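Chains as they are written, first to last, in our numbering: chain G, 114 to 223; chain H, 11 to 123.
Ideal Cβ placement from N, Cα and C applies to all residues, glycine included.
Computed from a predicted model, the values in this text were never measured in an experiment.
All remarks here apply to the structure that follows.
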C-alpha cells in the first residue's frame, strides 16, 4: 500500500518566522503535488513537481522533490497570516488517482 | 471558467432521510472524483469516473452510497438512508486528460442528526 506521511501534523508559529513541512513515502512517485486548503473551501493546487531534485518557488514558498522521488518538502519564508491553512501533499497512484497525505495544519499568529 | 460547482453548500438532514449531493465539473475535464473529508480520516476517495464511466468505487463505504454521472457535466452522490456517521464535508474534483492535477469544488458540509 502506498502511503504519504506528512509532518508535522500541526504547526503554530508567529508571523515572520520560517517553517518547513514534509511529505514522505517509501514509494517512488512520478510526480507530487502540494495543495493548500483554507477553512470552508476545497484544496487548491499550489505546485506539481516531477523531476527528482527539482526545486520550485512560488513567492515565499519553496517546494523540493527528493532526488529519489520518494519525498518532498515545503519551506515558507517569513510566514504571513494569509499562509494559514491545511497543506496537503498528493502523489499519482494507479489509474490517474491521487494518494493523499493527512495534511499539516498551519496557523500563523499575528 | 466557473470552476467545479457543488450544491448544496450545506445540508442538514435527519437520520434515515435520502441525501443527494450534486457536482458540475469543469468543462473539458473528463475525470470526476468524489471525496469525503473528516477530521479523523482526512480526505478519502469514494469513487471516480472517467468519461462518465465509474472506474473505481472501492472507497464507497456501504451500499447506502451510490453515485451517477449521466453526462460529462453532471454527477450526483446519493446517500440513502443517511446516518449520523455520514456527517462530513463531501468534495467533488475534476481533472483533464491524463493529468492528475485536481480542481476541487467548495464542498458540501453534510450534517445528519
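Which value, in whole angstroms, describes the spacing of the CA atoms of residue i and residue j?
i: residue 130(G); j: residue 222(G); result: 10 Å
i: residue 75(H); j: residue 211(G); result: 21 Å
i: residue 90(H); j: residue 96(H); result: 11 Å
i: residue 134(G); j: residue 104(H); result: 27 Å
i: residue 53(H); j: residue 16(H); result: 17 Å
i: residue 187(G); j: residue 174(G); result: 7 Å
i: residue 192(G); j: residue 65(H); result: 41 Å
i: residue 216(G); j: residue 50(H); result: 12 Å
i: residue 68(H); j: residue 58(H); result: 10 Å
i: residue 121(G); j: residue 113(H); result: 25 Å
i: residue 195(G); j: residue 132(G); result: 14 Å
i: residue 13(H); j: residue 39(H); result: 11 Å
i: residue 157(G); j: residue 167(G); result: 21 Å
i: residue 162(G); j: residue 26(H); result: 45 Å
i: residue 101(H); j: residue 55(H); result: 9 Å
i: residue 203(G); j: residue 214(G); result: 6 Å
i: residue 92(H); j: residue 151(G); result: 27 Å
i: residue 138(G); j: residue 160(G); result: 18 Å
i: residue 78(H); j: residue 32(H); result: 10 Å
i: residue 182(G); j: residue 164(G); result: 7 Å
Which chain H residues sit within Cβ distance under 7 Å of residue i?
i: residue 156(G); result: 114
i: residue 161(G); result: 111
Is it buried or exposed, residue i, if we count other Cβ atoms within 10 angstroms and call 16 or more buried?
i: residue 41(H); result: buried
i: residue 116(G); result: exposed
i: residue 34(H); result: buried
i: residue 29(H); result: buried
i: residue 22(H); result: exposed
i: residue 73(H); result: exposed
i: residue 155(G); result: buried
i: residue 107(H); result: exposed
i: residue 115(H); result: buried
i: residue 189(G); result: buried
Which residues in chain A have a C-beta closer than 7 Å to the C-beta of residue i? List them in chain order.
i: residue 215(G); result: Absence of chain A from the displayed structure is noted, the protein chains being G and H.
Can you give me the start and stop residues for the beta strand (DSSP E) that residue i sits inside?
i: residue 198(G); result: 198-205
i: residue 146(G); result: 145-150
i: residue 186(G); result: 184-189
i: residue 46(H); result: 41-48
i: residue 131(G); result: Counting along the chain, residue 131(G) falls outside any beta strand (DSSP E), and DSSP gives it neither H nor E.
i: residue 16(H); result: 15-17
i: residue 172(G); result: Run containing residue 172(G): none; DSSP gives neither H nor E here.
i: residue 161(G); result: 157-162
i: residue 119(G); result: 118-120
i: residue 30(H); result: 29-34
i: residue 106(H); result: Where residue 106(H) is concerned, there is no enclosing beta strand (DSSP E), given that its DSSP letter is neither H nor E.
Could you list which residues in chain H have their beta carbon closer than 8 Å to that of residue i, in chain order?
i: residue 205(G); result: 110
i: residue 144(G); result: 110
Mind pulling the chain G residues with CB within less than 7 Å of residue i?
i: residue 120(H); result: By Cβ distance, chain G contributes nothing, its closest Cβ being about 14 Å from residue 120(H), past 7 Å.
i: residue 117(H); result: 155
So residue i contacts chain H; which residues on that side make the cut at Cβ distance below 9 Å?
i: residue 201(G); result: 52, 53
Residues of chain G with CB closer than 9 Å to the CB of residue i, please, in chain order.
i: residue 101(H); result: 155, 156
Original post:
Can you list, in chain order, the stretches of the beta strand (DSSP E) that have 3 or more residues and sit fully within the segment 51-98 of chain H?
Top reply: Runs found: 52-60, 63-66, 75-81, 84-89.
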